[in-house]
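What the sequence shown shows, in my numbering, is residues 179 to 584, in sequence order. Comments concern the structure below.
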Amino acid sequence: MNDDALLAALGERIASLAPELVELRRDLHAHPELSRDETRTTAEVARTLQAAGVAVRRLPGTGLVADVGAPEPAYRVALRADMDALPVRERSGLEFASTHQGVCHACGHDVHTTALVGAVVALQAVAHALVERGIAVRAVFQAAEEVMPGGALDAIAAGVLDGVDSIFAVHCDPSIDVGQVGLREGALTAACDQIAVALHGRGGHTSRPQLTEDLVFALAKVVTDVPAALGRRLDPRTGAALVWGQINAGRVANVIPSTGECRGTLRMLDAESWLTVGPLLDEIVHGVVSPYGAQAKIERLKGVPPVVNTSDGISAFRRAALASVLTPVPTSQSLGGEDFSWYLAQCPGAMARLGTRTPGGPTYDLHQGDLVVDERAVALGARLMATVAVVRGLDARRAEIPEGHR
179 MNDDALLAAL GERIASLAPE LVELRRDLHA HPELSRDETR TTAEVARTLQ AAGVAVRRLP
239 GTGLVADVGA PEPAYRVALR ADMDALPVRE RSGLEFASTH QGVCHACGHD VHTTALVGAV
299 VALQAVAHAL VERGIAVRAV FQAAEEVMPG GALDAIAAGV LDGVDSIFAV HCDPSIDVGQ
359 VGLREGALTA ACDQIAVALH GRGGHTSRPQ LTEDLVFALA KVVTDVPAAL GRRLDPRTGA
419 ALVWGQINAG RVANVIPSTG ECRGTLRMLD AESWLTVGPL LDEIVHGVVS PYGAQAKIER
479 LKGVPPVVNT SDGISAFRRA ALASVLTPVP TSQSLGGEDF SWYLAQCPGA MARLGTRTPG
539 GPTYDLHQGD LVVDERAVAL GARLMATVAV VRGLDARRAE IPEGHR
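Structure follows, in structure tokens:
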């Protein structure tokens, strides 16, 4: 089997699997599980892979790893999918909508997981060809991408990158049409932290604010003035965005509370500024609240650095897309956070954006309960992932063999 025949065989196998993959995706979609609670999802993935003759290894807690191809490879490629859902109520109206109240796959992780299952099953069908070429593929089904610190760090600590030469992943993008794949060399996502500011002071009656440290007023100043000041103290090229998602203070209209809190995320396009922004944030918060006599406590839960795609990784994705009858399209850096960045901090590779929008149909947003995915993306994602693993492995093997000996 030559290389072209190998890639064609992968495509044919995934095409035959497409109905089963859609069925699996719908099952996972109907039974979403939150971060580090992906017990059923892990079991379903393991059952499906083992039925195809793939050996799996469970990770501590939830998640698993599967290896296909050469047992002692010259080159090993890893493929990663995340499995967790979000604490969001589904509003899609689908027949296979979430059966778990207040939990749904609003970020497409059910598609990522199913696509990787399809890729592994197809790769297992051509395992003999991978062995002949000295190529191995490791599939990492990761827990807890949606929380900080994310499950990528747990998986890495469990050794999933041991012996891995490069790693790849896809992420659903409902702004890109199905049949297209968004590619970008360099930074694809942003650094992201969770920020909490808690204020303390004397409460009292709203008729006598001068006798209190007016926590509600001070908290409002934090919410509005801290992002504004941060934007003037940082180089605009850092792309910093501090956005609040939660504010809590008081319960009664005529009582000034003694505590208040706001929580949000700090996102930055520039990784170096992200590493050093902590003291500046503390200075600004304390400066904003000091005129009101309030005491502030700032908590910064460090999240993830940006996903930075290598040129070799994007080149492999581009050739894999074309071989998979997908159209590569350029995509921009976003302020979204993604813990796939921790893998890329240790191992070269890339993440691609998998189009999930029905052409001419509505554009949905991630992390929203009404998200609907064009299910053709499941098999396309499977083929893309299987193909990029083989393409990258072949490229690496060719680079090791002198021209006259190929």
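Just so you know, even glycine gets a beta-carbon here, dropped at the ideal spot from N, CA and C.
Residue range of the alpha helix (DSSP H) that E190 falls in?
On the sequence shown, residue 190 is found 12 positions in, with the first residue counted as 1. 181-208 is the extent of the alpha helix (DSSP H) around E190.
Starting from F346, trace the alpha helix (DSSP H) in both directions and tell me its first and last residue.
Sequence index remark: in the sequence shown, residue 346 carries index 168 (1-based). It is not in any alpha helix (DSSP H) - F346 instead sits in the beta strand (DSSP E) that spans 344-355.
Assigned secondary structure, Y253 (DSSP; H/G/I helix, E/B strand, else coil)
Here residue 253 corresponds to residue number 75 of the sequence shown, with the count starting at 1. Residue state, collapsed to three classes: strand.
Using 8 angstroms as the Cβ pair cut-off and three pairs as the minimum, do the region 514-533 and the region 381-394 touch?
no
Could you name each continuous beta strand (DSSP E) segment of 3 residues or more that falls completely within the region 442-525, going from the start of the chain to the end?
473-482, 505-508
Spatial neighbours of R214 within its chain, please: C-beta separation below 8 angstroms, excluding the five flanking residues on both sides.
Here residue 214 corresponds to residue number 36 of the sequence shown, with the count starting at 1. Excluding residues within five positions, the ones whose Cβ falls inside 8 angstroms are G239, T240, D262, A321, A322, V325, G329.
What residue range does the beta strand (DSSP E) around V400 cover?
Numbered from its first residue, the sequence shown carries residue 400 at position 222. Premise fails: V400 lies in the alpha helix (DSSP H), 393-411, not in any beta strand (DSSP E).
Identity of the residues DSSP links to A530 by a beta bridge:
In the sequence shown, counting from the first residue as 1, residue 530 sits at position 352. Looking at the DSSP assignment, A530 forms a beta bridge with V348.
Quick check on DSSP: helix, strand or coil for D548?
Within the sequence shown, numbered from 1, the residue matching residue 548 stands at position 370. Looking at D548 - three-state DSSP - the assignment turns out to be coil, as it is neither helix nor strand.
So what's Q279 in DSSP terms, helix, strand or just coil?
Translated into positions along the sequence shown, residue 279 becomes position 101. Coil.
For my contact list, P265 and A314 are in at a C-beta cut-off of 8 angstroms; report their separation, rounded to the angstrom.
As a working mapping, residue 265 is identified with position 87 in the sequence shown. As a working mapping, residue 314 is identified with position 136 in the sequence shown. 37 angstroms between Cβ atoms; not a contact.
For I192 and A498, believed in contact at Cβ under 8 angstroms, the rounded distance:
Stepping through the sequence shown from its first residue, residue 498 is reached at position 320. Stepping through the sequence shown from its first residue, residue 192 is reached at position 14. No, A498 and I192 are not in contact; Cβ-Cβ is about 13 angstroms, not under 8 angstroms.
With distances taken Cα to Cα, identify the nearest neighbour of A574 among D552, S493, D205.
As a first step, residue 574 is located in the sequence shown; it is residue number 396 there, counting from the start. It is S493.
Just the C-alpha distance for G426 and A259, rounded to the nearest angstrom, thanks.
Against the sequence shown, residue 426 aligns to sequence position 248. Against the sequence shown, residue 259 aligns to sequence position 81. Here residue 426 turns out to be Asn, not Gly, going by the sequence shown. Distance between the alpha carbons of N426 and A259: 35 angstroms.
Roughly how many angstroms lie between the CA atoms of G423 and L549, to the nearest whole one?
Locating residue 423 in the sequence shown gives position 245, counting from the first residue. Locating residue 549 in the sequence shown gives position 371, counting from the first residue. About 20 angstroms.
Does A244 come out as helix, strand or coil in the three-state DSSP assignment?
For this step, residue 244 is matched to residue 66 along the sequence shown. Strand at A244.
Run through DSSP, which three-state label would T565 get?
Locating residue 565 in the sequence shown gives position 387, counting from the first residue. Three-state result, T565: helix.
Helix, strand or coil at E439 [DSSP, three-state]
What you label residue 439 is simply residue 261 of the sequence shown in a count that begins at 1. Three-state result, E439: strand.
When you compare each of G571, L558, A567, L572 to E190 by their alpha carbons, which one comes out closest?
Position 12 of the sequence shown, counting from 1, holds the residue named residue 190. Ranking G571, L558, A567, L572 by Cα distance to E190 puts L558 first.
Sequence-distant residues of its chain with Cβ nearer than 7 angstroms to L185 (five each side left out)
Taking the sequence shown and counting its residues from 1, the one referred to as residue 185 is at position 7. Result list for L185: A501, T565, V568, in chain order.
What is the DSSP secondary structure of A368, counted as helix, strand or coil?
Stepping through the sequence shown from its first residue, residue 368 is reached at position 190. Of the three classes helix, strand and coil, the one that applies to A368 here is coil, per DSSP.
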